[in-house]
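Below: one structure, written as C-alpha cells.
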Amino acid sequence: MDQKKIGKLLKELRNEKGLTQEQLAEIFNVSNRTVSRWENGNNMPDLDILIQISDYYEINLRELLDGERKSEKMNKELETTVLKAVDYTNSETEKYTKRVFWILMTGAVLWICSQIISHTSLVENNVMSAISDFAMGLSCGMVICGIVVTSRFGKRIREFKQRLVKMK
C-alpha cells in the first residue's frame, strides 16, 4: 500500500464532492487535522473508516487501498469478509480495553482506600494499618499489570500464552 497514493486519491475524491477538510471531518467524526494527515499520506484511516469512505464516495475498497480507480467492481463476498474482520477486531479491542480499564480502576480504588486509612486515625489500629499496606501493595501491582498489559511486553506475553495453549 502506498499511503501517499491513497492520500492523493482521498484528496481528489473530496475535491470532486466540493468538500473542505473540515466538512469531511464532520462527516466521519474525526478532526480536520486527521483528514489532512490522510491526504498527505502521513497516516491511514482505520479500516472501518476506510469502508465508510468507500461507501461515501461510491468507490470500492480495493480501488481505495490501491490509491487508484479501476473499472472492475469489488466482489461483495470479499467486502462482507472484510466487514466481518473489522467487526471482530473492534469487538476484541473493546473487550481488551474493558479488561485494562477494570484492572486500573480496581488499582485506583484500592489506592484511595489505602490513602483514606493512612491519613485518618484508623492507621493507629494494627489491623487497619495492615489492610492499608496490603491495599497499597495490591494497587501498585494492578497499576504495574496495567502498564505491562498495554505495553509491547503485554503483546509478547499474550502471544506466548497462545503458543502454550496450542501446544496442549
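Residue numbering for the sequence shown follows my numbering, beginning at 74 and increasing consecutively.
Just so you know, even glycine gets a beta-carbon here, dropped at the ideal spot from N, CA and C.
Terminal residues of the alpha helix (DSSP H) in which residue i lies
{"i": "N115", "result": "Per DSSP, N115 belongs to no alpha helix (DSSP H) and is neither H nor E."}
{"i": "E197", "result": "Counting along the chain, E197 falls outside any alpha helix (DSSP H), and DSSP gives it neither H nor E."}
{"i": "K77", "result": "Q76 to E89"}
Simplified DSSP assignment, three categories, for residue i
{"i": "V103", "result": "coil"}
{"i": "L137", "result": "helix"}
{"i": "L120", "result": "helix"}
{"i": "S39", "result": "There is no way to answer for residue 39, as the model of the chain reaches only from 74 to 241."}
{"i": "T166", "result": "helix"}
{"i": "R231", "result": "helix"}
{"i": "I126", "result": "helix"}
{"i": "L92", "result": "coil"}
{"i": "R142", "result": "coil"}
{"i": "T179", "result": "helix"}
{"i": "I189", "result": "helix"}
{"i": "I132", "result": "coil"}
Spatially closest choice to residue i from the options, by CA coordinates
{"i": "I176", "options": "V216, K239, R229 and D75", "result": "V216"}
{"i": "F207", "options": "Y169, C186, T170 and R231", "result": "C186"}
{"i": "G80", "options": "M240, N115 and G180", "result": "N115"}
{"i": "L319", "options": "D128, N102 and V200", "result": "Given a span of 74 to 241 for the chain in the structure shown, any question on residue 319 remains unanswerable."}
{"i": "A158", "options": "T170, I124 and G140", "result": "I124"}
{"i": "D139", "options": "D75, M209 and G210", "result": "D75"}
{"i": "K78", "options": "D160, G210, L137 and I132", "result": "L137"}
{"i": "V182", "options": "D119, C218, L120 and M209", "result": "M209"}
{"i": "L83", "options": "R110, Y169 and R236", "result": "R110"}
{"i": "K90", "options": "T107, V103, E131 and N105", "result": "E131"}
Expected contact under 8 Å - CB spacing of residue i and residue j to nearest Å
{"i": "S205", "j": "S191", "result": "5 Å"}
{"i": "V173", "j": "G219", "result": "6 Å"}
{"i": "N105", "j": "E112", "result": "At roughly 10 Å, the Cβ-Cβ gap does not stay under 8 Å, so N105 and E112 are not in contact."}
Inset, instruction - Count the C-beta pairs between the stretch 181 to 198 and the stretch 223 to 236 that are closer than 8 Å, then say yes if the count reaches three, no if not. - result: No, because fewer than three Cβ pairs between the stretch 181 to 198 and the stretch 223 to 236 fall closer than 8 Å, the two stretches do not touch.
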